[in-house]
Amino acid sequence: MRSDSTTIDVPESSAVAKGKAPLMPAPRPEKSPYKKGLAIFDFLLRIGAIVTTLAAAAAMGTSDETLPFFTQFFQFQAGYDDLPTFTFFLIAMAIVGGYLVLSLPFSIITIVRPHATGPRLLLVILDSVALTLTTAAGAAAAAIVYLAHNGNPNTNWLAICQQFGDFCQKVSGAVVASFIAVVLFVVMVVLSALALGRH
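Residue numbers (our numbering): 261 to 459.
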């Protein structure tokens, strides 16, 4: 009797094991919508970052202003190319915007193949570099914009925004757009890190 019960128990346990085996891969499809959703959100954030970085570059590049009063020998004008910091800002924003455009195909790959780690890891590394460049350019330009608005009596820096209002408005808008791009980059890096951590 005992030997029969043991022979009956063995097939039951193997049947239970066989019944459990197909259920093991079931949780994996649940991760795919999560990863795919992150990839789609990442793609939308990249489009937003493209708009903000290129808008910042365009605003800085068109920030020239000439005052209406001038003499025969002197003409008062302000332009982004008068300050190396603003030139660096323009070049940095153009580079970052170009990188974001080139990164779109890799972002699409992460949507089509949510479990692919290679493209996502590449995007995390390059996004971190672009984030650093955007932050450096935005912070440097913000310091010059602050001096343009408020001046610095200790170093005889004059506030020029009372005279060059349009110029200051454009460069200030460019700096704000660059910091919006910084926030978008931070969110993209965090999302990619979360997606990589789920593997």
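All C-beta atoms, glycine included, are put in the ideal place defined by N, C-alpha and C.
The structure displayed is predicted, hence computed values, not measured ones.
In this model, residue 426 and residue 446 are separated by some 31 Å (Cα to Cα).
By the neighbour-count criterion, in which 16 or more other beta carbons inside 10 Å mark a residue as buried, residue 440 falls on the buried side.
Apart from the 5 residues on each side of it in sequence, residue 316 sits with its Cβ closer than 6 Å to the Cβ of 353, 434, 437 and 438 in its chain, given in chain order.
Per the coordinates, the alpha-carbon of residue 388 lies some 38 Å from the alpha-carbon of residue 413.
Looking only at 442, 452 and 341, the smallest Cα-Cα distance to residue 396 is reached by 442.
Looking at the DSSP output, residue 412 bridges to 417. Within the same chain, and ignoring the five residues on either side of residue 349 in sequence, the residues whose Cβ sits closer than 6 Å to its Cβ are 320, 397 and 401. Apart from the 5 residues on each side of it in sequence, residue 343 sits with its Cβ closer than 7 Å to the Cβ of 404 in its chain, given in chain order.
For a cut-off of 8 Å, the C-beta gap from residue 379 to residue 366 is around 5 Å, short enough to register as a contact. Cβ atoms of residue 451 and residue 301 come within 8 Å of each other, at about 6 Å. Rounded to the nearest angstrom, the Cβ distance from residue 415 to residue 356 is 31 Å, too far for a contact under 8 Å. Relative to the Cα of residue 358, the nearest Cα in the group 423, 457, 431 and 306 belongs to 306. Here residue 455 is near residue 298, since their CB atoms are less than 8 Å apart. The beta carbons of residue 431 and residue 363 sit about 27 Å from each other, so the pair does not count as a contact at 8 Å.
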